[in-house]
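Under our numbering, residues 254 to 432 are what the sequence shown spells out, in order.
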Amino acid sequence: GTCIQISSNDVVFDCQNNFIYGTGTGDGIRVGGGFSASFGGATIKNCRIGGYANGIAFCPSSNNSIYNNTIFNTTGGGAGVSVSGCNLGIAKNYSIYNNTIMLSNGNAITITTTGYPESNISVFNNSLLNSTLDLIYVYVSNVSLTNNSMQRASYSGTYQHLFLAAGLTVLSLNNTLNL
Numbered sequence: 254g255t256c257i258q259i260s261s262n263d264v265v266f267d268c269q270n271n272f273i274y275g276t277g278t279g280d281g282i283r284v285g286g287g288f289s290a291s292f293g294g295a296t297i298k299n300c301r302i303g304g305y306a307n308g309i310a311f312c313p314s315s316n317n318s319i320y321n322n323t324i325f326n327t328t329g330g331g332a333g334v335s336v337s338g339c340n341l342g343i344a345k346n347y348s349i350y351n352n353t354i355m356l357s358n359g360n361a362i363t364i365t366t367t368g369y370p371e372s373n374i375s376v377f378n379n380s381l382l383n384s385t386l387d388l389i390y391v392y393v394s395n396v397s398l399t400n401n402s403m404q405r406a407s408y409s410g411t412y413q414h415l416f417l418a419a420g421l422t423v424l425s426l427n428n429t430l431n432l
């Protein structure tokens with residue numbers, strides 16, 4: 254299951270480089286009330302998270318910062334960082350930076366929502382290594398991808414380093430892709 258559930262506004266969660274390790278299901282850290290309530294203003298920093306379906310998940314939530322985390326060994330097609338509006342469609346104003354996400358059995362970073370085409374999400378200075386699906390999966394507009402390093406040890410099937418859904422506004426600058 255989920256290890257840490259944040260269900261209030263304006264929380265700073267600093268792991269101080271401690272480990273949160275799971276048994277293959279749930280989320281390491283989850284912000285939001287699922288399909289019924291939205292919480293925001295969270296800062297998640299300095300965590301080492303592994304062994305969950307999603308390392309850090311937001312559903313639904315806005316105005317969050319995720320930085321200086323190491324996320325590894327996600328399971329079951331989950332993501333290192335998952336930003337979702339759930340059914341409420343709320344997922345905007347995020348900064349995701351200076352994270353290392355590796356050995357993800359899914360997408361390293363997933364950003365998807367409905368109802369807020371102007372999401373204002375910045376993803377920068379991250380190292381994304383060896384995801385089994387897409388390294389960054391974006392299905393929302395107004396996302397900035399800058400100075401991210403993306404590397405995959407092997408490539409198979411239809412998955413890509415970077416998936417951008419058609420018709421979206423995404424700015425991508427100075428990213429490094431290593432095959």
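Just so you know, even glycine gets a beta-carbon here, dropped at the ideal spot from N, CA and C.
Quick caveat, the model's predicted, so the values are computed rather than measured.
| Check | Outcome |
| --- | --- |
| Proximity of residue 354 and residue 329 at Cβ, strictly below 7 angstroms | no |
| Residue 265 burial status per 10 Å Cβ neighbour count (16 or more: buried) | exposed |
| Whether residue 308 touches residue 297 by CB criterion (7 angstroms) | no |
| Beta-carbon contacts of residue 346 that lie in its chain and below 6 angstroms, excluding the five residues immediately before and after | 315, 316, 373 |
| Residue 285 vs residue 305 beta-carbon contact at 7 angstroms | no |
| Chain D contact for residue 333 (CB, 7 angstroms cutoff) | Included in the structure is just one protein chain, with no chain D present. |
| Beta-carbon proximity list for residue 294, same chain, < 6 angstroms, skipping 5 on both sides | 262, 263, 316 |
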